[in-house]
Every structure is written in structure tokens, then in C-alpha cells.
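I have placed the structure first, in the form of C-alpha cells, so that the comments after it can refer back to it.
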Amino acid sequence: MLKISNHVAIPDAEIEISFVRARGAGGQNVNKVATAAHLRFDIRASSLPETYKERLLALRDSRITKEGVIVIKAQAARTQERNREQALERLRELVKSVAIARRKRIPTKPTRGSRERRLEAKTKRARTKALRGTVTE
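Anchor point for the sequence shown: position 77 equals 78 in my numbering, and the numbering is continuous, going up by one each time.
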């Protein structure tokens, strides 16, 4: 059971973890032992609340496929168990990131003073540029 918050948890049966050989340097160990954890989690088929599902599917994250499956690969550690923990922690952080609804930004108008300062700066800049022109005698 992967606990996300006090009220939300993901059952182990919904998370599929397989182990594959890690990439990169590492000598004999990397060539022989499958230590990299490959985690797959289907958002649509999960028991997450609908709001979480909608927000996860709306995310523009490279770890989420078009079919709505989260794919996380953890291969930094040398043991299966540590890589498994890292993959689960990344999944937890991803789901936690959509738990809090973002407040909608309320557009504001510029103040009178800021409008006047902007226009004054534009006038000053125009005067400076006009002085750069050709000199007439």
C-alpha cells in the first residue's frame, strides 16, 4: 500500500514493478544483475479519486503516456530494493503534486502611478534617440 495522504492510498496490486538490467557503466554487476526498477501505473484503472485522475491526465509530463500510464524507471542504486523504493517515492511525489488545486490567478490592472512612470520613461527614451539623429547646421 503506497500512502499518498491521510485519505488517499494506492494498493500494491495497481502498481506493476519489473526489474531490468540498468544502463551505463558498472562493470560485471550491471551486465549480470537486473537491478533497475521499471514501474508502471495505470491512472484510468486506478482507485484514485476522480479529481486526482483528471489532474494527472492533464499534466504535461513525459512519464505519462497517451494511454494514461505512468512509467518510472529507477536505476541509480545498486540494489533492487533501493531502486524499487526510489520508483515508489517518485510516484508518490507525482501524485502528491496534483493533490493541491492551484488557485486561479486574478488579473489586476496597473496602477495609475505605474502607467505614468512607463509613459514618462518612453518619452525620455524617445528624446534620447532623437538626439542621436543627424546634426543640421
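Yeah, the Cβ is synthetic: ideal placement off N, Cα and C, and Gly gets one too.
Short Cβ contact (8 Å threshold) for residue i with residue j
i          : j          : result
residue 16 : residue 42 : yes
residue 18 : residue 40 : yes
residue 81 : residue 24 : no
residue 36 : residue 91 : no
Residue i versus residue j: straight-line alpha-carbon distance, rounded
i           : j           : result
residue 67  : residue 73  : 15 Å
residue 20  : residue 34  : 9 Å
residue 12  : residue 103 : 27 Å
residue 95  : residue 3   : 12 Å
residue 9   : residue 123 : 55 Å
residue 101 : residue 93  : 14 Å
residue 63  : residue 7   : 28 Å
residue 54  : residue 116 : 44 Å
residue 32  : residue 26  : 9 Å
residue 137 : residue 105 : 56 Å
residue 110 : residue 118 : 15 Å
residue 170 : residue 38  : Because the chain in this structure spans residues 2 to 138, residue 170 falls outside the shown range and cannot be described.
residue 131 : residue 120 : 16 Å
residue 97  : residue 22  : 29 Å
residue 86  : residue 114 : 55 Å
Buried versus exposed, by CB contacts within 10 Å (16 or more), residue i
i           : result
residue 44  : buried
residue 107 : exposed
residue 84  : buried
residue 71  : buried
residue 58  : exposed
residue 112 : exposed
residue 99  : buried
residue 129 : exposed
residue 126 : exposed
residue 88  : buried
residue 56  : buried
Open item on the list: Which complete alpha helix (DSSP H) runs does the stretch 26 to 108 hold, if anything under 4 residues is left out?
Closed with: 29 to 33, 51 to 59 and 81 to 98
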